[in-house]
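Numbering-wise, the working numbering puts 305 at position 304 of the sequence shown, and it's gapless, one number per residue. The beta carbon of each residue, even a glycine, is placed where N, CA and C say it ideally should be. Everything below concerns the one structure shown next.
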Amino acid sequence: MNGVEPATAARDDEPETFAQFLYNKKNGTVLGRTGKSWFQIVFFYIIFYAILAAFWLACLTLFLKTLDEKVPRFYGKGTIIGVNPGVGYQPWLKERPDSTLIKFNLRDPESFKPYVDQIGNYLSKYNANSTETRECGAGESNDDLENNADSLPCRFDLSSFEKGCSEKQQFGYKSGKPCVVISLNRLIGWRPTDYAEGSVPEEVKDRYKRGSIAINCQGATTVDKEHIGKINYMPPYGIDGRYYPYVFTKGYQQPVAMVKFDSIPRNKLVIVECRAYALNIEHDISSRLGMVYFEVMVEDKEVVAKKEL
Numbered sequence: 002m003n004g005v006e007p008a009t010a011a012r013d014d015e016p017e018t019f020a021q022f023l024y025n026k027k028n029g030t031v032l033g034r035t036g037k038s039w040f041q042i043v044f045f046y047i048i049f050y051a052i053l054a055a056f057w058l059a060c061l062t063l064f065l066k067t068l069d070e071k072v073p074r075f076y077g078k079g080t081i082i083g084v085n086p087g088v089g090y091q092p093w094l095k096e097r098p099d100s101t102l103i104k105f106n107l108r109d110p111e112s113f114k115p116y117v118d119q120i121g122n123y124l125s126k127y128n129a130n131s132t133e134t135r136e137c138g139a140g141e142s143n144d145d146l147e148n149n150a151d152s153l154p155c156r157f158d159l160s161s162f163e164k165g166c167s168e169k170q171q172f173g174y175k176s177g178k179p180c181v182v183i184s185l186n187r188l189i190g191w192r193p194t195d196y197a198e199g200s201v202p203e204e205v206k207d208r209y210k211r212g213s214i215a216i217n218c219q220g221a222t223t224v225d226k227e228h229i230g231k232i233n234y235m236p237p238y239g240i241d242g243r244y245y246p247y248v249f250t251k252g253y254q255q256p257v258a259m260v261k262f263d264s265i266p267r268n269k270l271v272i273v274e275c276r277a278y279a280l281n282i283e284h285d286i287s288s289r290l291g292m293v294y295f296e297v298m299v300e301d302k303e304v305v306a307k308k309e310l
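As structure tokens, then:
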């Protein structure tokens, strides 16, 4: 009012550069914070993450203590595991996990060697743990495993594969009569239920044996059914039921069966559908319940020598 300009606090209107943001000598800050501020925030996060880690470890420990190493928490009807066993096959090459094609050339031993090796390795486990199993006679089974923790599982007998599907015969691949191992998924406590008298499906009626799981393979389409030829089942009744129920125990040997394609045509792709038969095995094409699909192609072509570069 009287022409005298009032005194005001000095202001630094100059914008802060990036270098000053990293270290401001005038204000004594690093990245916009003083030493005290950095100490406080670091201390806070150390305490925060220590408590968070302790809480996570406590929850994990509590969860692990509630698990059973032998039995899943949820299994059986109404769970994702279900009560219907799936069907699997060998040889399945790990090098080609997404392929279900069994393809080889009769004139090229290297083409069928991976399949022979895979089946050989798969069956070798049945001889590896003989001390953890017991010989079971015709009237014995794995029923004792559910009630007696000290009981040993039955030793699976591979002798039924000696005629036609043995390792000495290269599982039929050398002669163009390939053998395929068929198995069921392991379900805790599952055992096959017998069909009532007179209700056995026609596909396995002549080979069905009470207490076991019959296997039947055929072409997936009409054309495949015409080309698939004669199939030999080993053993004829399929998977022996006395090796059930499955119980998680050391040394358990999963029962399997083999199918041998005795007259499959040369140089033609055949899609095979194999189903397992028992009263408590459902078949559903859309979800592949109780069945498995794979392709077989036996070539008989001249081997072309690879040119050296």
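query: How big is the Cα-Cα spacing for residue 111 and residue 62?
result: Working through the sequence shown from its first residue, we reach residue 111 at position 110. Working through the sequence shown from its first residue, we reach residue 62 at position 61. In a straight line, the C-alpha of residue 111 is about 51 Å away from that of residue 62.
message: For a cutoff of 8 Å on Cβ pairs, would you count residue 278 as touching chain D?
response: No chain D is present in this structure, which holds just one protein chain.
- prompt: residue 232 bridges to which residues according to DSSP?
  reply: Sequence index remark: in the sequence shown, residue 232 carries index 231 (1-based). The bridge partners DSSP lists for residue 232 are 262.
- prompt: Are the beta-carbon atoms belonging to residue 157 and residue 244 less than 8 Å from one another?
  reply: As a first step, residue 157 must be located in the sequence shown, where it is residue number 156. As a first step, residue 244 must be located in the sequence shown, where it is residue number 243. Yes; because the gap between Cβ atoms is below 8 Å, this pair is in contact.
message: Quick check for students: name the residue ranges of the alpha helix (DSSP H) that lie wholly in the region 188-215, counting only runs of 4 or more.
response: If we require 4 residues or more, the region 188-215 turns out to have no alpha helix (DSSP H) run fully inside it.
task: Select from 292, 29, 258 and 270 the residue whose C-alpha is nearest the C-alpha of residue 124.
output: Within the sequence shown, residue 124 is the residue found at index 123, counting from 1. That would be 258, whose Cα lies nearest to the Cα of residue 124.
task: For residue 103, name the three-state secondary structure that DSSP assigns.
output: In the sequence shown, the residue the question calls residue 103 occupies position 102. Strand at residue 103.
field: Bridge partners - residue 294, DSSP secondary structure assignment
entry: Reading the sequence shown from its first residue, position 293 is the one you call residue 294. 274, per the DSSP bridge assignment.
Collapsed DSSP secondary structure at residue 220 in the structure displayed: Locating residue 220 in the sequence shown gives position 219, where the first residue counts as 1. Residue 220 falls in the strand class under three-state DSSP.
- prompt: Between residue 283 and residue 291, what straight-line distance do the alpha-carbon atoms span, to the nearest angstrom?
  reply: In the sequence shown, counting from the first residue as 1, residue 283 sits at position 282. In the sequence shown, counting from the first residue as 1, residue 291 sits at position 290. Rounded to whole angstroms, residue 283 and residue 291 show a C-alpha spacing of 6 Å.
message: Please tell me whether residue 179 and residue 304 are closer than 8 Å, where the distance is taken between their beta carbons.
response: As a working mapping, residue 179 is identified with position 178 in the sequence shown. As a working mapping, residue 304 is identified with position 303 in the sequence shown. Not a contact, by the Cβ cut-off of 8 Å.
message: Which complete alpha helix (DSSP H) runs does the region 120-157 hold, if anything under 4 residues is left out?
response: Counting whole runs of 4 or more residues, the region 120-157 contains no alpha helix (DSSP H) stretch at all.
message: Does residue 33 come out as helix, strand or coil in the three-state DSSP assignment?
response: As a first step, residue 33 must be located in the sequence shown, where it is residue number 32. In this structure, residue 33 counts as coil in the three-state DSSP scheme.
- prompt: Quick one: Cα of residue 278 to Cα of residue 267, how far?
  reply: As a working mapping, residue 278 is identified with position 277 in the sequence shown. As a working mapping, residue 267 is identified with position 266 in the sequence shown. Straight-line Cα distance between these residues: approximately 30 Å.
message: Please state the DSSP three-state secondary structure of residue 166.
response: As a position in the sequence shown, residue 166 is number 165, starting the count at 1. Secondary structure at residue 166: coil, using DSSP grouped into helix, strand and coil.
field: Simplified DSSP state of residue 24, which is helix, strand or coil
entry: Residue numbering aside, residue 24 sits at position 23 when the sequence shown is read from its first letter. DSSP, reduced to helix, strand and coil, places residue 24 within a strand of the structure shown.
query: Which whole-angstrom value is the C-beta distance of residue 190 and residue 246, which I expect to be below 8 Å?
result: Taking the first residue of the sequence shown as 1, we reach residue 190 at position 189. Taking the first residue of the sequence shown as 1, we reach residue 246 at position 245. Right, their Cβ atoms sit about 5 Å apart.
- prompt: Would you report the Cα separation of residue 234 and residue 65, rounded to the nearest angstrom?
  reply: Residue numbering aside, residue 234 sits at position 233 when the sequence shown is read from its first letter. Residue numbering aside, residue 65 sits at position 64 when the sequence shown is read from its first letter. When the Cα atoms are used, residue 234 and residue 65 turn out to be separated by approximately 44 Å.
field: Beta-carbon contacts of residue 168 that lie in its chain and below 7 Å, excluding the five residues immediately before and after
entry: Residue mapping note: residue 168 aligns to position 167 of the sequence shown, counting from 1. Excluding residues within five positions, the ones whose Cβ falls inside 7 Å are 121.
message: Do residue 182 and residue 91 have their beta-carbon atoms positioned less than 8 Å apart in this structure?
response: As a working note, residue 91 is residue 90 in the sequence shown. As a working note, residue 182 is residue 181 in the sequence shown. With respect to the 8 Å criterion, residue 91 and residue 182 are classified as neighbours on the basis of their beta carbons.
- request: Alpha carbon to alpha carbon, how far is residue 187 from residue 295? Give it in angstroms, no decimals.
  value: Stepping through the sequence shown from its first residue, residue 295 is reached at position 294. Stepping through the sequence shown from its first residue, residue 187 is reached at position 186. Answer to the nearest angstrom: the Cα atoms are 20 Å apart.
field: residue 140 versus residue 152 - alpha carbon distance
entry: Here residue 140 corresponds to residue number 139 of the sequence shown, with the count starting at 1. Here residue 152 corresponds to residue number 151 of the sequence shown, with the count starting at 1. Answer to the nearest angstrom: the Cα atoms are 16 Å apart.
- request: Spatial neighbours of residue 87 within its chain, please: CB distance less than 8 Å, with the 5 preceding and 5 following residues excluded, ordered by chain position.
  value: Within the sequence shown, numbered from 1, the residue matching residue 87 stands at position 86. Closer than 8 Å at Cβ, skipping near neighbours: 185, 186, 289, 290, 291 and 293.
field: Own chain partners of residue 166 with C-beta closer than 7 Å, once the 5 adjacent residues on each side are dropped
entry: Against the sequence shown, residue 166 aligns to sequence position 165. So the list reads 172, 173, 180, 235, 259 and 261, once near-sequence residues are dropped.
message: I'd like the span of the beta strand (DSSP E) that includes residue 181, first residue to last.
response: Within the sequence shown, residue 181 is the residue found at index 180, counting from 1. Where residue 181 is concerned, the enclosing beta strand (DSSP E) stretches over 180-185.
field: residue 134 to residue 240 span [Cα, whole Å]
entry: By one-based count along the sequence shown, residue 134 stands at place 133. By one-based count along the sequence shown, residue 240 stands at place 239. Cα to Cα, the separation comes out at about 18 Å.
- prompt: In whole angstroms, what is the alpha-carbon distance linking residue 238 and residue 215?
  reply: Looking up residue 238 in the sequence shown gives position 237. Looking up residue 215 in the sequence shown gives position 214. Taking the straight line from one Cα to the other gives about 5 Å.
- prompt: What is the rounded straight-line gap between the Cα of residue 103 and the Cα of residue 116?
  reply: For the purposes of this step, residue 103 is taken as residue 102 along the sequence shown, with counting starting at 1. For the purposes of this step, residue 116 is taken as residue 115 along the sequence shown, with counting starting at 1. Spanning the two alpha carbons is a distance of roughly 8 Å.
query: In the structure shown, what three-state DSSP assignment does residue 10 receive?
result: Locating residue 10 in the sequence shown gives position 9, counting from the first residue. Residue confidence for residue 10 is low, a pLDDT of 45 falling below 50, so the modelled location carries little weight; the figure read from the coordinates is stated next. Three-state DSSP puts residue 10 in coil, outside helix and strand.
message: So, with DSSP's three-state summary, where would you put residue 41?
response: Taking the sequence shown and counting its residues from 1, one reaches residue 41 at position 40. Residue 41 falls in the helix class under three-state DSSP.
Whole-angstrom distance between residue 105 and residue 145, CA atom to CA atom: Position 144 of the sequence shown, counting from 1, holds the residue named residue 145. Position 104 of the sequence shown, counting from 1, holds the residue named residue 105. Going by the C-alpha atoms only, they are around 44 Å apart.
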